[in-house]
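Engineer: Please find one structure pasted underneath; my questions will follow.
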Amino acid sequence: MHISFRQIQIFQTVAQTENFTRAAELLHMTQPAISMQVKQLEENVGLSLFERQGKRIVLTAAGRAMHTYTCEISAKYQGMVETLEELKDVHQGVINVSAANTSIYFITRMLAGFSQQNEGITVSLNITNRKTLVEQLQNYEADLVVMGEPPSNLDLHSQRLMCNPLVLIAPANHPLAGQKAISVSAIIGEKFVVREPGSGTRAAIERFFAEHGHTFTSTLEMGSNESIKYSVIAGLGLGIVSLHSIRLELETHSLAILDVQNFPIQRYWHIVTREGKWLSPAAQAFKEYVIAEAATYSQDYQQLLLA
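Last residue of the sequence shown: 307 (UniProt numbering), numbering continuous.
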């Protein structure tokens, strides 16, 4: 069996675009040339790799199996290219970092500090949801991922960065604000504003209430911490958010953290890479910087709980 790297590139692009014409445009080839290369590849492996579903070209079972390996091959090839380029100048490079939505409250500050010390390194930061982060890890798309709990079904290198406490918030003038040791039972009848199902925060909230014998039901679901905070300030309900997201609101006294028993819910931030994903010197430097800074940030945010 003979498969050229060019055929792997074509296969990857068709799998990504699900369209021969679009793949041809991206690869600066003609559509017939793309079709011919795919046909030759299928003849080489002796299996159909794509099938039509309406206007889409989708992977067959054999195609999906092959895609798993070609993603890793492409990632290693890209790593080789980047290594050779960066050996020309170790102070330059591009790092692709993806991070969970809530991490924006600290990862941007870390990025600013790193960039000041490493002006020749460009960091491409993608702030997105958990589902996309997992997909990017699976497909070897990101050099580094900053997220909550890493997925257990992938081979990963993961290092814990710092605590990510989930706190219960209310308007500063809420009747429960200032009370001590509020029971979970006392808040279960309140209206809640929380993240959407599928988010790591939502999963942790539902697990917490289940462990304490309650079924959690929300009144409003929001796609961001900012939406939750403004909704809570407006009096639409209590909120459960990362402590990292409310520094400004605590300083301006527009929100209060409620002292509820067994809160905060303890979660953790991790910095994650895919097994087999090569890290450039620039990416390794950024990873080490983030790990070092996390210790300082953790102490800083713990002071908010004590305030």
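Note that CB positions come from ideal geometry on N, CA and C, so glycine has one too.
On a predicted model such as this, the values are computed, not experimentally measured, just so you know.
1. Counting along the chain, where does the beta strand (DSSP E) carrying T13 start and finish?
2. List the DSSP bridge partners of W269.
3. Quick one: what's S124 bridged to in DSSP?
4. Relative to the C-alpha of F256, which candidate in P281, Q37 and G178 has its C-alpha closest?
5. State the Cα-Cα distance for the pair N101 and N129, rounded to the nearest angstrom.
6. Helix, strand or coil: which one does DSSP assign to H157?
7. Using the rule of at least 16 other Cβ atoms within 10 Å of the residue's Cβ for burial, across every protein chain shown, is P165 buried or exposed?
8. Just reading off the alpha helix (DSSP H) that S227 is part of, what are its end residues?
9. Buried or exposed: Q266, going by 16 or more other Cβ atoms within 10 Å of its Cβ?
10. Comparing alpha-carbon positions, which option in G239, H212 and L144 lies nearest G223?
11. Of the choices Q16, W278 and A15, whose alpha-carbon is the least far from that of H156?
12. State the Cα-Cα distance for the pair M36 and T83, rounded to the nearest angstrom.
13. Could you check where the beta strand (DSSP E) with G63 kicks off and where it finishes?
14. Residues in its own chain within less than 6 Å of A282 by CB, not counting five upstream and five downstream?
15. Would you mind stating whether F20 and I10 have Cβ atoms separated by less than 7 Å?
16. Okay, do the stretch 205–213 and the stretch 129–149 touch, 3+ Cβ pairs below 8 Å being the bar?
17. Run through the stretch 177–205 for me and flag every whole alpha helix (DSSP H) of 4 or more residues, listed as ranges in chain order.
18. Just to confirm before moving on: does the CB-CB distance between V260 and L168 stay below 7 Å?
19. Identify whether G242 lies in helix, strand or coil by the three-state DSSP scheme.
20. Closest to V97 by C-alpha separation, out of T60, V123 and V193, would be which residue?
21. Any idea if Q12 is buried or exposed, counting beta-carbon neighbours within 10 angstroms, 16 or more meaning buried?
Structural biologist: This is what the structure holds:
1. Element bounds for T13: not the beta strand (DSSP E) but the alpha helix (DSSP H), F5 to T17.
2. Answer is M162.
3. Bridge partners of S124: N96.
4. Looking at the sequence itself, residue 256 is Ala, so the reference to Phe does not match. Checking every option, the nearest Cα to that of A256 belongs to G178.
5. Their backbone Cα atoms lie some 6 Å apart in a straight line.
6. If DSSP states are grouped into helix, strand and coil, H157 belongs with the strands.
7. Per the 10 Å Cβ criterion, buried.
8. N225 to I233 is the extent of the alpha helix (DSSP H) around S227.
9. Around the Cβ of Q266, a 10 Å sphere holds fewer than 16 other Cβ atoms; the residue is exposed.
10. Ranked by Cα distance from G223, the options G239, H212 and L144 are led by G239.
11. The residue you asked about is not His; residue 156 is Leu in the sequence shown. Nearest option by C-alpha distance: W278.
12. Rounded to whole angstroms, M36 and T83 show a C-alpha spacing of 33 Å.
13. Membership of G63 in any beta strand (DSSP E) is not indicated; the residue belongs instead to the alpha helix (DSSP H) covering A61 to E86.
14. Cβ neighbours of A282 beyond the five flanking positions: G93, I95 and I121.
15. Not in contact: F20 and I10 (Cβ atoms no closer than 7 Å).
16. With a cut-off of 8 Å, the stretch 129–149 and the stretch 205–213 do not count as touching, because too few Cβ pairs lie within range.
17. Along the stretch 177–205, the alpha helix (DSSP H) occurs as fully enclosed runs of 4 or more residues at 184–187, listed in sequence order.
18. In this structure, the beta-carbon distance from V260 to L168 falls below 7 Å.
19. Here the sequence assigns Ser to residue 242, which means Gly is not the residue at that position. S242 falls in the strand class under three-state DSSP.
20. Ranking T60, V123 and V193 by Cα distance to V97 puts V123 first.
21. By the 16-neighbour rule on beta-carbons within 10 angstroms, Q12 is buried.
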